[in-house]
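Read through the structure below, which is laid out as structure tokens, and then see the notes.
Protein chains in written order, with the numbering used here: chain U, 996 to 1334; chain R, 240 to 430.
The following block contains the structure:
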């Protein structure tokens, strides 16, 4: 049997959008499992709600715009948007929060700008910011508490009928630490029932689950290391420098492991459409998200600032791209600026 | 010194004149189709805004107040701004004829830029001193330039994308500006 000799070019099969998006979805599974196990079934219910709404609206807007429905639905990008939104919304939020958010993401975040691949802002974070600004009560009072078991039936009643019991919900660690800094020392805050010494295990496991998924994304070459590394490094540096004085600033461990930092760094800011394009641009973009996240978390009104930081850097991304163009072959210097 | 730093952060980010106070929207929408013109416009506006902020303060303190004519401040500020714009126009014409041609009608239009008059009037309302007026005007101008330049870069990209017919042109620009304003709400509480 003759061996088949392969001649060059040894090109691999082209990566399809559905492969990329499918891998992202698979890598989100550990995160969703951790969220469900440690916090609430609400995340899964929100996920189902968001995905169904997103698919319906996507099909509807594609039909209105006379674009091929099956081709765009099966690229799974809208499912990723829905999953990111579901992972960031509070699990006991009423059902219409999820529906309104998904509608904002799909219609205003994506299709108004021309659909797949043309959204200047991250659709999920646009929806999150809009919800946070428009419905602050529902978006800040429905966060789950670790170690309180709520059955599926009760969660369904909470989401669809609004029967939320006070004991199920509480402040997030970032929020709690910041609120109580004015009156308590770091030791007193950490001794509270929420922190119980160091950090609630659930929050750490969820962050580690997102981190694991993100590392797989880097290994599968879906994303490059530039964005997550520069964002986490900047945030860690700032929170270490300021956090030495843990009586007046939130320490680095809480910044990195008790919020949406890992989800943001690996899954949200790495949206290939709305982030910067070149590798150097990505480093600038990630560092910008890190700085803005720290500034807004520490001195602003919002305890977890990933959404706003991402949107602000999305806004700056086209400009960053103008000034971080790589050198082209045959030129000694990179072409910079707008000409 | 930290007062001035806070004032700069406040005017550039938290109370950005375009995206939070919605002043100066006409050049923001009108000249933001190309990055190059947006940069020229930003430079010209920065120059005019800083200068007119200070000079209208001087006119108010040294002419209007001593003569007890404070009620004439709006019309006299318009005059001051027109003079500063005329001066800028002459400078731009001599130094960069190309930029002068590119900016076209928008350079004289700085006269009617409500951000410029707004800064002059707000200085009086907030009873800013000379240095404060300088920083307030400069911060407002930097904030304006920042969002203007970013917006222009973003619009160049949006103009290439497959926006649905009813939203093309100014409509999608308005939508984008609204979302940017939403993002700037994240700065609330910084100062």
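Heads up, the beta-carbon is just placed ideally off N, CA and C, and yes, glycines get one too.
Taking the alpha-carbon positions, what's the residue 1125 (chain U) to residue 335 (chain R) distance?
Spanning the two alpha carbons is a distance of roughly 43 Å.
If residue 1037 (chain U) and residue 1169 (chain U) are in contact, beta carbons under 8 Å, what's the gap, nearest whole angstrom?
Not quite, the Cβ-Cβ distance comes to about 19 Å (not below 8 Å), so this is no contact.
Thinking C-alpha only, which one of U:1015, U:1299, U:1282 and U:1086 is nearest residue 1173 (chain U)?
For residue 1173 (chain U), the nearest C-alpha among the options comes from U:1299.
Report buried or exposed for residue 1283 (chain U), applying the criterion of at least 16 other Cβ atoms within 10 angstroms of its Cβ.
Buried, because 16 or more other Cβ atoms sit within 10 Å of the Cβ of residue 1283 (chain U).
Does the stretch 408 to 427 of chain R come into contact with the stretch 1274 to 1282 of chain U, if we say contact requires no fewer than three beta-carbon pairs (one atom in each stretch) closer than 8 Å?
No, the stretch 408 to 427 of chain R is not in contact with the stretch 1274 to 1282 of chain U.
For a contact meaning CB atoms closer than 8 Å, what does residue 1313 (chain U) contact in chain R?
Neighbours of residue 1313 (chain U) on chain R, chain order: 389, 392, 393, 395 and 396.
Does the beta carbon of residue 426 (chain R) come closer than 8 Å to any beta carbon on chain U?
Output row for residue 426 (chain R): interface = yes.
Can you name the residues that DSSP bridges to residue 1164 (chain U)?
Answer is U:1139, bridged to residue 1164 (chain U).
For residue 411 (chain R), go through chain U and note every residue whose CB falls closer than 8 Å to its CB, in chain order.
Simply 1107 and 1108.
With H, G and I counted as helix, E and B as strand and the rest as coil, what does DSSP make of residue 959 (chain U)?
Any answer about residue 959 (chain U) is impossible in this case: the structure gives chain U only from 996 up to 1334.
State yes or no: is the beta carbon of residue 283 (chain R) nearer than 8 Å to at least one beta carbon in chain U?
With 8 Å as the cut-off, residue 283 (chain R) does not count as an interface residue toward chain U.
Does any CB atom of chain R fall closer than 8 Å to the CB of residue 1336 (chain U)?
Residue 1336 (chain U) lies beyond the range of chain U shown here (996 to 1334); nothing can be said about it.
Identify, in the order they occur along the chain, each residue of the same chain with its Cβ nearer than 7 Å to the Cβ of residue 377 (chain R), setting aside the five sequence neighbours on each side.
Counting only Cβ-Cβ distances below 7 Å, and skipping sequence neighbours, we find 289.
Alpha carbon to alpha carbon, what distance is there between residue 1074 (chain U) and residue 1013 (chain U)?
Their backbone Cα atoms lie some 11 Å apart in a straight line.
Can you list, in chain order, the stretches of the alpha helix (DSSP H) that have 4 or more residues and sit fully within the stretch 270 to 332 of chain R?
The qualifying runs are 274 to 298.
Cutting at 8 Å between CB atoms, please list the residues of its own chain near residue 1287 (chain U), excluding the five before and the five after it.
Within the same chain, residue 1287 (chain U) has close Cβ partners 1300, 1303, 1304, 1307 and 1308.
Assign residue 1009 (chain U) to one of three DSSP states: helix, strand, or coil.
Residue 1009 (chain U): coil per DSSP, three-state reduction.
If you draw a straight line from the C-alpha of residue 1320 (chain U) to the C-alpha of residue 403 (chain R), how long is it?
Residue 1320 (chain U) and residue 403 (chain R): Cα-Cα distance of roughly 30 Å.
Just to confirm, are residue 359 (chain R) and residue 295 (chain R) a CB contact at a threshold of 8 Å?
Taking 8 Å as the Cβ cut-off, residue 359 (chain R) and residue 295 (chain R) qualify as a contacting pair.
Three-state secondary structure (DSSP) at residue 1130 (chain U)?
Correct three-state label for residue 1130 (chain U): coil.
When you compare only the Cα positions, how much space is there between residue 375 (chain R) and residue 255 (chain R)?
The straight-line gap from Cα to Cα measures roughly 11 Å.
What span of residues does the alpha helix (DSSP H) with residue 1277 (chain U) cover, start to end?
Residue 1277 (chain U) -> alpha helix (DSSP H) spans 1274 to 1294.
Below 8 Å between beta carbons: does that hold for residue 1165 (chain U) and residue 1127 (chain U)?
Cβ atoms of residue 1165 (chain U) and residue 1127 (chain U): not closer than 8 Å.
Residue 190 (chain R) versus chain U: which residues are under 9 Å apart at the beta carbon?
Past the edges of chain R, shown from 240 to 430, lies residue 190 (chain R), and the structure says nothing about it.
Any residues in the stretch 1262 to 1277 of chain U with a beta carbon nearer than 9 Å to a beta carbon of chain R? Which ones, in chain order?
Listed by position along the chain: nothing, the set is empty.
Pull up the CB-CB distance for residue 386 (chain R) and residue 285 (chain R), whole angstroms please, since I reckon it's below 8 Å.
That belief does not hold up - the Cβ atoms of residue 386 (chain R) and residue 285 (chain R) are roughly 13 Å apart, past 8 Å.
For chain U, is any of its Cβ atoms less than 8 Å away from the one on residue 379 (chain R)?
No, residue 379 (chain R) lies away from the interface with chain U (no Cβ there is under 8 Å from its Cβ).
For residue 1264 (chain U), name the three-state secondary structure that DSSP assigns.
Residue state, collapsed to three classes: coil.
Does the stretch 360 to 369 of chain R come into contact with the stretch 307 to 323 of chain R, if we say contact requires no fewer than three beta-carbon pairs (one atom in each stretch) closer than 8 Å?
Flag = yes, the stretch 360 to 369 of chain R and the stretch 307 to 323 of chain R touch.
Could you tell me the boundaries of the alpha helix (DSSP H) in which residue 370 (chain R) lies?
369 to 397 is the span of the alpha helix (DSSP H), which, as asked, contains residue 370 (chain R).
Thinking just about the alpha-carbon of each residue, which of U:1312, U:1040, U:1071 and U:1249 is nearest to the one in residue 1167 (chain U)?
Among U:1312, U:1040, U:1071 and U:1249, the Cα nearest to that of residue 1167 (chain U) belongs to U:1249.
Tell me whether the stretch 1127 to 1143 of chain U and the stretch 1181 to 1199 of chain U touch, counting them as touching only if at least three CB pairs, one residue from each stretch, are closer than 8 Å.
In short, these stretches touch, since the Cβ pair count reaches three.
Just mark residue 367 (chain R) as buried or exposed, buried being the case when its beta carbon has 16 or more other beta carbons within 10 Å.
Buried, by the Cβ-count rule.
Out of curiosity, what's the CA-to-CA distance linking residue 322 (chain R) and residue 1295 (chain U)?
Cα-Cα distance, rounded: 40 Å.
Report yes if the C-beta distance between residue 1026 (chain U) and residue 1205 (chain U) is below 8 Å; otherwise report no.
In contact: residue 1026 (chain U) and residue 1205 (chain U) (Cβ atoms closer than 8 Å).
From the DSSP output, in three-state form, read off residue 1177 (chain U) for me.
Looking at residue 1177 (chain U) - three-state DSSP - the assignment turns out to be coil, as it is neither helix nor strand.
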